[in-house]
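Novice:
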Amino acid sequence: MADHESHQVLSGVRVLDLSRWVAGEYATKLFADFGADVVKVEKPGEGSLTRRWGPFPDDVPDPERSALFLHLNTNKRSVALDLTDQADRELLLGLVRDAHAVVESFRPGHLERLGLGPDVLRALNQRLVVTRISAFGQTGPRRDHEASGLVLQAAGGPMHATGQAHRAPLRKPGLLEHYTVGRSAGQATLAAVLGARRTGRGATIDVSGQEVLLAGADRRASYLLSASYSGITAPRGARSPHRHGATFTGPFRAADGFVMVYVTNQAFWNRFVHLVGAEDQTFRERFLDRQTVAGQDREDFLAHVADWILARPKVEVMEAAEAARIPVTAYLSVSEVLAHPHFRERGAFVAAEHPRAGRLEYAGPPWRMERGYRLRATAPLLDQHGAHVRREAARQTARETEEATA
Amino acid sequence: MSTADLPLSGIRVIDLTVVWSGPGATALLGDLGAEVIRVEGNDRLSRQVSSKVTKASFEKTGYHGGTYPEKDPGERPYDRSALFNWHARNKLSASMNLDTPEGHRAFLDLVRVSDVLVENNSNGVLEKLGIGHERLLEVNPRLVVVRMPPLGMTGRMSDYLGYGPNFNSLVGIAAMDGYEGEDPDSAGENYHMDEAAPAGVGFAVLAALWDREETGGGGLVEFAQAENVMAEVGELFLDHQLNHRDPPVLGNADPWVVQDVVPVAGEDRWVAVTVRDDRDWRGLHTVPDLGSDPRLPGPDAGDDVRRSRSAEICAALAEWCADQEAEDVVEALQRAGVPAAEVVSEPQLLDDEHLAARGWWRERSHPAIGTHRYPGHPWRSDDLDLAFGRPVPGFGEDNEHVYLTVLGWSREEYDDLVARGLVTDHQLA
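Protein sequence lines, in the order shown, are assigned to chains U and R.
Sequential numbering from 50 applies to the first sequence in this note's numbering.
Sequential numbering from 8 applies to the second sequence in this note's numbering.
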């Protein structure tokens, strides 16, 4: 019964995480949070790069209290292995024999130089999936180019079209591009693991961060196809270049923050005119049923809307608009999201105690399904599971050797 | 490896998605060999494009026209728009009006012989049509039903209307987006929530199918798109609890490294540069004419010093870049091991030699559209020949296949639906 209750969709799947940065760690977090046994192989003494990246409590670096590491490595086990050491490499190969997938994000060619290339790993386990994450892919003239998140967005994202006209292109904030690449790497890995279950054959997967972003639904892929169809370039600073007709979209300042207005059709337009012109019959008569507003009309309309929104708190604006069935939402800060009753009532955050970082609430299930997400364990301390994992690896190697000589 | 060996070969997917995030998700399932059938009513817009669009009707909106081949919507605009066609590879299209008894019956027949259904309509739309997930799972308990309400199926905001930028604003992303030191409204719009969903839905469907191998049963996946994207600011939720602060608006800057986007020679040409660590910093010092700039702290300066003097470093960088060609800037920085890339426009990517060497673009033809290059897959494998067949299903192009072969309806029944205009090979709306 206890076993049945603890069973998750990916229980029984084993993944080795050799990655050291956000994309790889997010890819394997998806596996771990949905039940897989993910073993994080870390550099002795130093650990993952995400342990060195902040934010930290009081901004004091501490490899066991990096918020980034704590978030990305829930439900994983940690073993410290020196991949330049022969004995540790043998232990890794022992783990590979029993794994469904290995996820790595070293620079292209590094794994081969360690003698751990996909051919070596897959020779030990023909069902193995080896997922390789890099900035520009494992082949091609730019494969050895260095990249950061910003550089990746420049090369792959819709950045040329984001920000304002006549100003610098503007990236998306935070580490979003790394997460995007990682989610795709996770999807690719699970696809190949499922394929291996059906065919008995594993795969080597080449995830180029640039290509993940180029294929993106944040308009990048549609902008690219538009260019291919007609030679056009999506303009920067023009709101909603994809739409026409009665559209009125963009951010506005409220009394205590901002709201995003997204009026995209005639029905929304008319409701919006009724809302902001509730006490102004002339305004309503002037703007109801209009298909487009331009010139002085547009200036007057904008000024009226801006004043109306500025006079009210952002959540009040949102609630009034949404009650009238108009897409207008408040800009919530991270702390407001964390405290919002909608997300709290849904259980979007899950609390757990970490031996060094204490009790914290973590972003919870990215989606809900039976036997889905669970926070079984907080992120591991460096080499926390070292002794146990090493024993498992040695046992696996011994078994294989026995079988081979039997 | 043939298409028959792909991870989702033999899996049938009903695609009831519209707009961006949902269709992006089903495209990924088709890549893996699934038969993805778009169910489209002929009396409503399922492709964001009206049959009444003409070349004249968007004269005032320059960009929109450019989403059509040669800027011409032609006779069948709904087959020719990049807004739809970017995600349409491998998909099938069947005309089916779910609000008619005939369409309802056909749909439930399709549910009986399918494995997965994905929909991203507003909460309640399927229920009104009598095809909520409870009903679907009753008809076919092996079905995996993915519903993608932006804020979930329950909760006080679950009925809120909105688009990608609206929901970005509700999960903390918009409030940190904008030019450094300015208000967040300086960013304009960002569509990240749409980008985040497809691979997440892909993973969820694969996980549910993996589980089905064990349990034999399908079930509901409630994919709240806002919560999916909240994972991407997960470290900031922790930061708030640890340090009681909210993330500032940082523009192209970053709290931990020195970076910027600077103009180079030419019209609207920009290069992004990042100095991540000590190694990059020492590399920057070896770049001819830049490393010697007196404004730069020395090659041994630590990251604290670099960050505190970020403005001077970026000013030196900008000056060095200003009169150089983008490719020379990138080449010089990359030779020194410093991350750099041009902020590329779409036409540049069409001619990009790296993407060409990797065969990323795919040239495909369709009678309603002609021959064009299409964006490639998000990832690749020499061991899995991801599907990239027909680039687009013309509206209703697969009606006969779906009704006669998949559903097994008789030719008479099918002809009757066609005669009554319930099934058409063109969109009426």
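Glycine included, every Cβ here is placed at the ideal spot set by N, Cα and C.
Rounded to whole angstroms, what is the Cα-Cα separation between U/L173 and U/K92?
Specialist: So the two alpha carbons sit approximately 23 Å from each other.
Novice: Tell me, please, whether the segment 181 to 198 of chain R touches the segment 214 to 223 of chain R by the rule of three or more beta-carbon pairs shorter than 8 Å.
Specialist: No, because fewer than three Cβ pairs between the segment 181 to 198 of chain R and the segment 214 to 223 of chain R fall closer than 8 Å, the two stretches do not touch.
Novice: Going along chain R in order, which residues have a C-beta closer than 8 Å to the C-beta of U/Q345?
Specialist: Simply none; closest approach about 17 Å.
Novice: Can you give me the C-alpha to C-alpha distance between U/H291 and R/S88, rounded to a whole angstrom?
Specialist: Residue placement at U/H291 cannot be trusted, given a pLDDT of 44 that sits under 50; the coordinates are not used to answer.
Novice: Tell me the start and end of each unbroken beta strand (DSSP E) in the segment 253 to 333 of chain U that is at least 3 residues and wholly inside, in chain order.
Specialist: Counting whole runs of 3 or more residues, the segment 253 to 333 of chain U contains the beta strand (DSSP E) stretches 297 to 303, 306 to 312.
Novice: Quick one, which residues of the segment 177 to 200 of chain R are near chain U if we go by CB-CB under 9 Å, in chain order?
Specialist: Listed in sequence order: L177, V178, G179, I180, A181, A182, M183, D184, G185, Y186, D190, P191, D192, S193, A194, G195, E196, N197, Y198, H199, M200.
Novice: For R/V212, which of U/F350, U/F307, U/V58 has the nearest alpha-carbon?
Specialist: Of the candidates U/F350, U/F307, U/V58, the one whose C-alpha sits nearest the C-alpha of R/V212 is U/V58.
Novice: Is the beta carbon of U/D69 less than 8 Å from the beta carbon of U/S154?
Specialist: With the sequence shown as reference, residue 69 of chain U is identified as Arg, and Asp is not the correct amino acid for it. In this structure, U/S154 lies closer than 8 Å to U/R69 by Cβ.
Novice: Just checking: is the beta-carbon of U/H291 within a distance shorter than 8 Å of some beta-carbon in chain R?
Specialist: Note that U/H291 scores a pLDDT of 44, beneath 50, so its modelled location is shaky and nothing firm can be said.
Novice: Would you mind telling me which residues of chain U sit closer than 9 Å to R/H379, beta carbon to beta carbon, in chain order?
Specialist: Within chain U, the residues near R/H379 are L274, S277, Y278.
Novice: Quick check: what's the CA-CA separation for R/Q355 versus R/V151?
Specialist: Approximately 41 Å between the Cα atoms of the pair.
Novice: Are the beta-carbon atoms belonging to R/A343 and R/T293 less than 8 Å from one another?
Specialist: Yes, Cβ-Cβ distance for R/A343 and R/T293 is below 8 Å.
Novice: Where does U/M50 land, buried or exposed, given buried means 16+ other C-beta within 10 angstroms?
Specialist: Model confidence at U/M50 stands at a pLDDT of 39, short of 50, so the residue's coordinates are unreliable; what they give is reported in the following sentence. Flag for U/M50 reads exposed.
Novice: Give the DSSP-derived three-state secondary structure of R/I21 in the structure shown.
Specialist: Strand, per DSSP.
Novice: Kindly identify the DSSP beta-bridge partner or partners of R/G377.
Specialist: Looking at the DSSP assignment, R/G377 forms a beta bridge with R/H373.
Novice: Check whether chain R comes within 8 Å of U/G73, counting only Cβ atoms and requiring the distance to be less than that.
Specialist: Not an interface residue.
Novice: Since U/F332 meets chain R, which of its residues come closer than 8 Å, beta carbon to beta carbon?
Specialist: Per Cβ cutoff of 8 Å: no residues; U/F332 is ~23 Å from chain R at best.
Novice: Thinking C-alpha only, which one of R/G171, R/D390, R/V25, R/Q266 is nearest R/A323?
Specialist: Taking only the C-alpha atoms, the option nearest R/A323 is R/Q266.
Novice: Got a sec? Which residues, its chain only, sit under 7 Å from U/S233 by beta carbon, not counting five neighbours each side?
Specialist: Contacts found: V256, V261.
Novice: So if DSSP puts U/V179 in a beta bridge, which residue, or which two residues, is it bridged to?
Specialist: U/V151, U/T253.
Novice: For a cutoff of 8 Å on Cβ pairs, would you count U/S382 as touching chain R?
Specialist: It does; some Cβ of chain R falls within 8 Å.
Novice: Between U/G396, U/V62, U/E451, which lies nearest to R/M488 when the distance is taken from Cα to Cα?
Specialist: Because chain R spans 8 through 436 in this model, residue 488 of chain R falls outside it and cannot be assessed.
Novice: Give me the Cα-Cα distance between R/G6 and R/Q55, rounded to the nearest whole angstrom.
Specialist: No statement about residue 6 of chain R is possible, as the shown extent of chain R runs from 8 to 436 and does not include it.
Novice: Out of curiosity, what's the CA-to-CA distance linking U/L225 and U/D267?
Specialist: About 12 Å.
Novice: Return the chain-ordered list of same chain residues with a C-beta closer than 6 Å to the C-beta of R/E42, the five sequence neighbours on each side being excluded.
Specialist: Counting only Cβ-Cβ distances below 6 Å, and skipping sequence neighbours, we find R19.
Novice: Please classify U/P390 as buried or exposed, where buried requires at least 16 other C-beta atoms within 10 Å of its C-beta.
Specialist: Exposed, since its Cβ has fewer than 16 Cβ neighbours within 10 Å.
Novice: Quick one: residues in its chain with C-beta nearer than 7 Å to the C-beta of R/L115, no 5 flanking neighbours on either side, listed in chain order?
Specialist: So the qualifying residues of the chain are V146.
Novice: In the DSSP assignment, find the alpha helix (DSSP H) that holds U/T384 and state where it starts and stops.
Specialist: The sequence given here has Ser at residue 384 of chain U, not Thr. Start and end: 383 to 388.
Novice: Rounded to the nearest angstrom, what separates R/L424 and R/Q434 at their Cα positions?
Specialist: Straight-line Cα distance between these residues: approximately 15 Å.
Novice: Quick one: list the residues of chain R neighbouring U/R374, beta-carbon separation under 7 Å, in chain order.
Specialist: Within 7 Å Cβ-Cβ: L168.
Novice: When the cut-off is 8 Å and only beta carbons count, does R/P205 lie next to chain U?
Specialist: Yes, R/P205 lies at the interface with chain U (some Cβ there is under 8 Å from its Cβ).
Novice: Would you say U/P404 reaches chain R, if we count a Cβ-Cβ gap shorter than 8 Å as a contact?
Specialist: With 8 Å as the cut-off, U/P404 does not count as an interface residue toward chain R.
Novice: Just to check my reading of the structure: R/H361 and R/V399 have Cβ atoms closer than 8 Å, yes? What is that Cβ distance to the nearest angstrom?
Specialist: Actually they do not touch by this definition, with Cβ atoms about 27 Å apart.
Novice: What's the C-alpha gap between U/F185 and U/Q213?
Specialist: So the two alpha carbons sit approximately 27 Å from each other.
Novice: When you compare the CB of R/W217 with every CB in chain U, is at least one pair closer than 8 Å?
Specialist: Yes, contact with chain U.
Novice: How about R/W386: is its C-beta nearer than 8 Å to some C-beta of chain U?
Specialist: With 8 Å as the cut-off, R/W386 counts as an interface residue toward chain U.
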